[in-house]
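In order, the protein sequence lines correspond to chains G and V. Following the numbering used here, the numbering of the first sequence begins with 2 at its first residue and continues without gaps. Following the numbering used here, the numbering of the second sequence begins with 204 at its first residue and continues without gaps. The beta-carbon is built from N, C-alpha and C at its ideal position, and this holds for glycine as well. Just so you know, these numbers come straight off a predicted model, no measurement behind them. One structure below.
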Amino acid sequence: MGSRKLLLLLMIVGLSQICRAQSPTYGVGRTPSPEEIQKWDISIGPDGKELPPGHGTAVEGSAVFLRKGCFTCHGEKGSNGPAPTLIKSDGKTKSPYPCLTPCVNDLNVMSLHAPYATTIWDYINRAMPLTKEGTLKPNEVYSLVAFLLYNNGVIKEDEVMDQQSLPKVKMPNRDHVGLAPEWKHGTPRLAGYP
Amino acid sequence: MNSKLSGRRKFLRDSAALVGLAAGVVPVADAQMSHTEATAAPAKETPKDNKECKDNKDLIAYGERSRYVKSVRIPVMERMSPDEFGMTFHVLSPLQDSVGMITASSLHYVATHRGSYIPDIDPAEHRLMIHGMVDRPLVFTVDELKRLPFVTRAHFLECSGNRARASHKNVQQSHGMTSCSEWTGVPLSLLLKEAGVQEGAAYVVAEGAETVKGATSLPLAKVMDDCLVCYGQNGEPVRPQHGFPLRLIVPGYEGIHNVKYLRRIKVVEKHYMTYNDYGHLADDSRVAALNRQVGPKSVITFPSGDQKLPGPGFYEITGLAWSGSGAVKSVDISLDGGQNWTPAELRSPAYPMAHTRFGFNWKWDGKECVIMSRCTDELGTVQPSRAEIAKYWDKPNTADLQIRGLDNSIFPWRVAADGSIHNGLA
Chain G
2 MGSRKLLLLL
12 MIVGLSQICR
22 AQSPTYGVGR
32 TPSPEEIQKW
42 DISIGPDGKE
52 LPPGHGTAVE
62 GSAVFLRKGC
72 FTCHGEKGSN
82 GPAPTLIKSD
92 GKTKSPYPCL
102 TPCVNDLNVM
112 SLHAPYATTI
122 WDYINRAMPL
132 TKEGTLKPNE
142 VYSLVAFLLY
152 NNGVIKEDEV
162 MDQQSLPKVK
172 MPNRDHVGLA
182 PEWKHGTPRL
192 AGYP
Chain V
204 MNSKLSGRRK
214 FLRDSAALVG
224 LAAGVVPVAD
234 AQMSHTEATA
244 APAKETPKDN
254 KECKDNKDLI
264 AYGERSRYVK
274 SVRIPVMERM
284 SPDEFGMTFH
294 VLSPLQDSVG
304 MITASSLHYV
314 ATHRGSYIPD
324 IDPAEHRLMI
334 HGMVDRPLVF
344 TVDELKRLPF
354 VTRAHFLECS
364 GNRARASHKN
374 VQQSHGMTSC
384 SEWTGVPLSL
394 LLKEAGVQEG
404 AAYVVAEGAE
414 TVKGATSLPL
424 AKVMDDCLVC
434 YGQNGEPVRP
444 QHGFPLRLIV
454 PGYEGIHNVK
464 YLRRIKVVEK
474 HYMTYNDYGH
484 LADDSRVAAL
494 NRQVGPKSVI
504 TFPSGDQKLP
514 GPGFYEITGL
524 AWSGSGAVKS
534 VDISLDGGQN
544 WTPAELRSPA
554 YPMAHTRFGF
564 NWKWDGKECV
574 IMSRCTDELG
584 TVQPSRAEIA
594 KYWDKPNTAD
604 LQIRGLDNSI
614 FPWRVAADGS
624 IHNGLA
C-alpha cells in the first residue's frame with residue numbers, strides 16, 4: 002500500500018515536471034478554436050489533406066471559366082490574354098499582349114509546370130479571380146482545376162477532381178523539380194559555386 | 204536670458220564669419236540667422252537672401268524632406284507600375300543618391316507578389332496565427348506581440364529580379380531592387396517555442412493578409428535561426444508598402460520570402476509548393492539553392508550611370524556591399540576593368556546580412572577607365588565575375604549570359620574621358 006502511494010506521488014511529480022517543461026514561457030496570446038484554424042487554413046500541401054469536400058469536372062470548369070469572367074484576363078482559350086497563360090496554346094496565334102513579368106507562357110503553364118495538382122488548387126482558391134480573391138466555392142475550384150488539367154492534356158475529360166483524386170494526379174513535371182538542399186547556418190548558399 | 208541670447212548670437216555671427224572667410228568673402232552677419240542656414244548659405248549671397256519656410260506644420264507634427272531633394276523610386280523597366288490592371292509590381296530604390304547603410308523607408312524598394320494593391324489594415328483588427336505541427340496553436344494581436352522580448356537588427360532585402368542588364372542606364376535600374384532597414388520585432392523562434400514545435404516538422408508556410416494571401420515555404424532550420432516578425436522599421440511602424448502592421452524578415456534570403464502583412468505561420472512536415480514557391484520552381488537543386496540565398500554582392504553607387512564627373516581630380520568612390528551568408532569582411536576596388544584590385548575602406552558597421560557602405564580615395568586622371576567593386580563575406584566567399592559564373596555553368600561569357608539563380612556578379616561602370624559614366628555591360 003505504502004509503495005503504491007509512493008508510486009502515485011512519483012507519477013504526479015513526474016507529470017507536473019513534464020507539464021512544466023512543455024508549458025509556454027510568456028503565456029501571451031490566446032488559443033484559437035479548431036473551427037477558427039480551419040477557416041484560416043488555406044494552405045494545401047502536396048498530400049492534399051487540407052482539401053475541403055467537393056468535386057468538379059472539366060465540363061463544369063469550362064462553365065465556371067466563363068461565368069466568373071476568367072477569360073477576360075486569360076483569353077477565351079486560356080491563352081493570348083493580358084494575364085498569364087493557363088492553357089498551352091496551339092502556337093499558331095500570336096498574342097496581342099506582351100508577356101507580363103514574371104512571364105508565364107506556353108513554356109511554364111502552371112498545369113504542366115507545377116509538380117503537384119494541389120498547387121493549382123491552392124493558387125486559384127487563394128488568389129483568383131482578380132479583385133474577388135477567395136470567393137470561389139470548393140466545387141468551383143475543383144472544376145477549374147479539372148478544366149485546366151484536361152485542356153493541358155494531363156487528365157481525361159470525364160475524370161472527377163475531389164479530395165481523393167486531385168492529390169493523386171501524376172503531374173508531368175513531378176520528377177523534374179529540384180528543391181534546395183537542407184539549409185545550415187553559416188554555410189555558403191551553394192558549395193562549389195564561385 | 205539676455206546674456207545667453209547674445210552669447211548665441213555671437214556664436215552664430217562667428218560661425219557665419221568662418222564660412223565667409225573660408226570662401227574669401229567679407230561676411231555680413233545677421234543675428235536672426237540659424238546656424239544651419241549660415242553654414243549652408245552659398246558664399247556669395249548675403250544670408251538675407253535665404254528664404255525661410257513659413258509653414259511650421261511639418262516641423263512640429265511629421266517632418267518632410269527639403270523641397271530641393273527630388274530623389275524618388277521608379278517602376279522597374281520590365282513591367283510598368285501601375286500596370287494594365289492598375290496594380291503596383293516592382294519599384295526601384297534610387298541607390299545613386301544613397302548615403303550610409305540604411306535606406307529611408309519612403310525610398311526602400313517595393314515588390315509585390317503578382318502586382319497588387321496595398322491593403323489598408325487596421326492594426327487593432329490584425330491577428331497572427333501560429334498552428335500546424337505545434338502543441339499549442341496561438342493567436343496574437345499586434346499589441347500582444349509588442350509585449351514580448353524583441354530585437355532590433357539591420358538587414359537588407361533583395362529581389363530576385365535585381366539583375367543588371369546591358370540596357371540599364373543607371374544604378375537604380377541595374378541594382379535598385381535592394382535596400383536596407385533597421386528592423387524591430389520578435390524572433391519567430393520565440394513564438395514557435397511558445398507554441399511548441401512537434402517532432403517531424405521541417406518547414407513553415409508563412410502567409411500574408413493581402414488580397415492574394417501570398418504564401419511561402421521556409422526551412423524550419425532557418426526560421427529557428429534568425430527570422431523576425433517585425434512591427435518596426437527605421438524607428439517607426441513598418442510602412443504599408445513594406446507590410447504594415449507585421450512582416451516577416453528572413454535575413455539573407457531572397458526578398459519574396461520576407462512575407463508582408465504576415466497573418467499566419469503554419470508548421471508543416473515538408474515543402475508545401477504553395478503560391479510564391481510555384482513562381483520560384485527550379486529544375487535543378489543547385490539553381491534552387493542559388494535562388495534562395497543572396498551571395499556576396501556589391502555595387503558602386505558613386506560615380507555611377509547617368510552621373511558626370513566635372514573634371515579630373517579627387518573623388519571618393521563609394522557604394523554598397525552585402526551578403527546573405529553573413530557580414531561583409533572586405534571590399535576591393537578595380538580601376539582597370541578587373542585586372543588589379545585594391546582594398547576599399549568599410550565606412551559603416553558591417554552587420555550580418557546588412558548593407559555595408561564602402562569608400563575609396565580616387566584621383567581621376569581624366570582618362571577613360573572601367574571601375575568595379577568586389578565583396579568578400581565573412582565566410583570568405585568572393586563575389587564572382589560573370590566569366591567565373593559562365594565557366595561554372597560551362598556557358599560562353601557573352602553579354603546576354605543568363606545568370607541562373609540570384610545574380611551577384613561583379614558590375615562594371617565605364618568612366619568616359621568627358622567624365623560621363625556608363626553601364627560597362629553595354
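Per the Cβ contact rule, the stretch 96-104 of chain G is not in contact with the stretch 381-398 of chain V (fewer than 3 Cβ pairs under 8 Å). In chain order, T387, G388 and V389 place their CB closer than 7 Å to the CB of F353 of chain V, counting only its own chain and leaving out the 5 sequence neighbours on each side. Contact annotation: S301 of chain V and V294 of chain V have beta-carbon atoms that are not nearer than 8 Å. In the three-state reduction of the DSSP assignment, Y518 of chain V falls in the strand class. A128 of chain G has a beta carbon lying within less than 8 Å of a beta carbon in chain V. With respect to the C-alpha of V337 of chain V, the residue from V:V400, V:S370 and V:V345 having the closest C-alpha is V:V400. Residue pairing by DSSP places K469 of chain V opposite V:H334 and V:V408 in a beta bridge. Nearest to H177 of chain G by C-alpha distance, out of V:D486, V:D286 and V:T355, is V:D486. When rounded, the separation of the alpha-carbon atoms in T559 of chain V and F359 of chain V is 10 Å. Following the DSSP letters along the chain, one finds P390 of chain V inside the beta strand (DSSP E) bounded by residues T381 to P390. Ranking G:K171, G:G57, G:N140 and G:I43 by CA distance to the CA of D159 of chain G puts G:G57 first. Taking the Cα of A593 of chain V as reference, the smallest distance to any Cα among V:I613, V:M575, V:L465 and V:C578 is reached at V:I613. Within its own chain, the residues whose Cβ lies closer than 6 Å to the Cβ of G79 of chain G, once the five positions on either side in sequence are excluded, are L87 and I88, listed in chain order. Counting only Cβ-Cβ distances below 7 Å, L484 of chain V has contacts in chain G at H114 and V178, in chain order. Chain order gives the chain V residues near A181 of chain G as S488, A491, A492 and R495, where near means a beta carbon separation below 7 Å. By a beta-carbon distance limit of 8 Å, G622 of chain V contacts P513 of chain V. Their separation comes to about 6 Å. In the three-state reduction of the DSSP assignment, N564 of chain V falls in the strand class, which pools E and B. At least one C-beta of chain G is nearer than 8 Å to the C-beta of I592 of chain V.
With 16 or more other Cβ atoms from the protein chains shown falling within 10 Å of its own Cβ, Y554 of chain V counts as buried. Only residues of its own chain outside the window of five on either side were considered, and among them G55, H56 and Y143 have a CB closer than 7 Å to the CB of D163 of chain G, listed in chain order. When the beta-carbon positions are compared, S96 of chain G and N81 of chain G come within less than 8 Å of each other. Distance from the Cα of T119 of chain G is smallest, within the candidate group V:H329, V:Y478, V:V502 and V:A307, for V:Y478. Its Cα nearest to that of L191 of chain G, the residue V:R495 stands out among V:P297, V:R495 and V:R366. Collapsing the DSSP output to three states places S24 of chain G in coil. Taking 8 Å as the CB threshold, S44 of chain G lines the interface with chain V. Within chain V, the residues M332, H334 and P340 have their CB atoms less than 8 Å from the CB of I38 of chain G, given in chain order. Of all residues in the stretch 466-480 of chain V, only R466, R467, K469, V471, E472, K473, H474, Y475, M476, T477, Y478 and D480 place a beta-carbon less than 9 Å from a beta-carbon of chain G. Look at the beta carbons and you see the stretch 30-49 of chain G touching the stretch 112-130 of chain G: at least three pairs across the two are nearer than 8 Å.
Going by DSSP, Y434 of chain V is part of the beta strand (DSSP E) stretching over L431 to Q436.
For V415 of chain V, no alpha helix (DSSP H) run applies, since DSSP gives it neither H nor E. For the stretch 272-289 of chain V, the set of residues with a beta-carbon nearer than 9 Å to any beta-carbon of chain G comprises V279, E281, R282, D286, E287 and F288, in chain order. Using a CB distance cut-off of 8 Å, L431 of chain V does not count as an interface residue toward chain G.
Only those residues of the stretch 22-33 of chain G whose C-beta falls short of 7 Å from the nearest C-beta of chain V are listed: Q23, P25, T26, Y27, V29, G30, R31, T32 and P33.
Under the three-state reduction of DSSP output, L538 of chain V falls in the coil class, being neither helix nor strand.
Taking all protein chains shown into account, H329 of chain V has 16 or more neighbouring C-beta atoms within 10 Å of its C-beta and is therefore buried. Excluding five sequence positions before and after A369 of chain V, the CB atoms of its chain that fall closer than 6 Å to its own CB belong to A602, L628 and A629, given in chain order.
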